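Presented below is the structure to which this report refers.
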Amino acid sequence: MRSFATIMAAAALAQTAMAHYRFNQLIVGDEVTKEYEYVRQNSNMNSPVTDVTSKDLVCNVGGLDTGAQTKTYKVAPGDTVGFAVDTPIQHPGPLNVYMSKATGEASEYDGSGDWFKIYEMGADKVGDNGLTFKADKLDKVTFTLPDETPAGQYLLRVEHIGLHSASSFGGAQFYISCAQIEVSGSSTAKPDPTVKIPGVYTGHEDSIELSIYYPIPENYQPPGPAVW
Numbered sequence: 001m002r003s004f005a006t007i008m009a010a011a012a013l014a015q016t017a018m019a020h021y022r023f024n025q026l027i028v029g030d031e032v033t034k035e036y037e038y039v040r041q042n043s044n045m046n047s048p049v050t051d052v053t054s055k056d057l058v059c060n061v062g063g064l065d066t067g068a069q070t071k072t073y074k075v076a077p078g079d080t081v082g083f084a085v086d087t088p089i090q091h092p093g094p095l096n097v098y099m100s101k102a103t104g105e106a107s108e109y110d111g112s113g114d115w116f117k118i119y120e121m122g123a124d125k126v127g128d129n130g131l132t133f134k135a136d137k138l139d140k141v142t143f144t145l146p147d148e149t150p151a152g153q154y155l156l157r158v159e160h161i162g163l164h165s166a167s168s169f170g171g172a173q174f175y176i177s178c179a180q181i182e183v184s185g186s187s188t189a190k191p192d193p194t195v196k197i198p199g200v201y202t203g204h205e206d207s208i209e210l211s212i213y214y215p216i217p218e219n220y221q222p223p224g225p226a227v228w
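Just so we're aligned: the sequence shown equals residues 1 to 228 in UniProt numbering.
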């Protein structure tokens, strides 16, 4: 098993430069919108964020600076929404989706308020060769907006965490995008639990700092709060 772990670690390093990806298109129902039409454009191409204490964890590098040039899509609670990926997800790891209500216009919001999780994809199975994940090889991810989502404008944030090099601190790779949406309706529900981003992770969580190849984890739970 140690020789296999060595091989997998080397393969993970080889993948690093060639297997990056971006969530660059918002999906609403059957519509796949244009690249960065409703998704804030980042400035680091398809490179990941690795510092979980950085403001870049909110909407990726440069994502807090492009709200004004990004449209806001009108949706309703219960709608199917999601993100398309420019290159199918190559790195193994979990996927989380968070929302944060803007204090005014989503285009002007910096994500400094409370965030709540509405969707997650974890491990698919534990096999002899390590963990595999449900998000592996996907070229899009879709989910349902909670029926009780309060009306207002939001940042809708997707993150996929690449764990192929996560056996040491700072090795996990966060692939992040934020879309701008406006939710209709009259719900006054209060989503919980809520977290701050950055602040939600330390980087030392068992689900972030780990080897997925050896020793093989017996189970896996995506990091962050429970899904609302």
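Note that beta-carbon positions come from the ideal geometry of N, C-alpha and C, so glycine has one too. In this text the structure is predicted, and so the values were computed from the model without any measurement.
| query | Residue range of the alpha helix (DSSP H) that residue 242 falls in? | reply | Past the boundaries of the shown model lies residue 242; the chain is included only from 1 to 228, so the question cannot be answered.
| message | If the criterion is Cβ atoms closer than 9 Å, does the pair residue 24 and residue 84 meet it? | response | yes
| request: Quick one: residues in its chain with C-beta nearer than 7 Å to the C-beta of residue 105, no 5 flanking neighbours on either side, listed in chain order? | output: 153
| message | Does residue 124 come out as helix, strand or coil in the three-state DSSP assignment? | response | strand
| request: Rounded to whole angstroms, what's the CA-CA distance from residue 50 to residue 174? Just pull it up for me. | output: 6 Å
| request: Using the Cα positions of residue 143 and residue 183, report the straight-line distance between them to the nearest angstrom. | output: 15 Å
| query | Should residue 86 be labelled buried (16 or more other beta-carbon atoms within 10 Å of its own) or exposed? | reply | exposed
| query | Touching or not, the stretch 197 to 212 and the stretch 163 to 171, by the rule of three or more beta carbon pairs under 8 Å? | reply | yes
| request: Compare the C-alpha of residue 74 against each of 116, 103, 88, 185 and name the closest. | output: 185
| request: Quick one: using the 10 Å Cβ neighbour count with 16 as the cut-off for buried, is residue 34 buried or exposed? | output: exposed
| task | Return the chain-ordered list of same chain residues with a C-beta closer than 8 Å to the C-beta of residue 192, the five sequence neighbours on each side being excluded. | result | 116, 228
| query | What's the C-alpha gap between residue 214 and residue 130? | reply | 7 Å
| Distance, Cα to Cα, residue 61 vs residue 126? | 33 Å
| Comparing alpha-carbon positions, which option in 176, 163, 151 lies nearest residue 157? | 176
| Which residues DSSP lists as bridging residue 115, in chain order | 195
| query | Can you tell which of 96, 113, 57 has its C-alpha closest to the C-alpha of residue 195? | reply | 113
| request: Name the residue from 30, 39, 77, 219 whose alpha carbon lies nearest to the alpha carbon of residue 189. | output: 77
| field | Nearest residue (CA-CA) to residue 205, options 163, 178, 59 | value | 163
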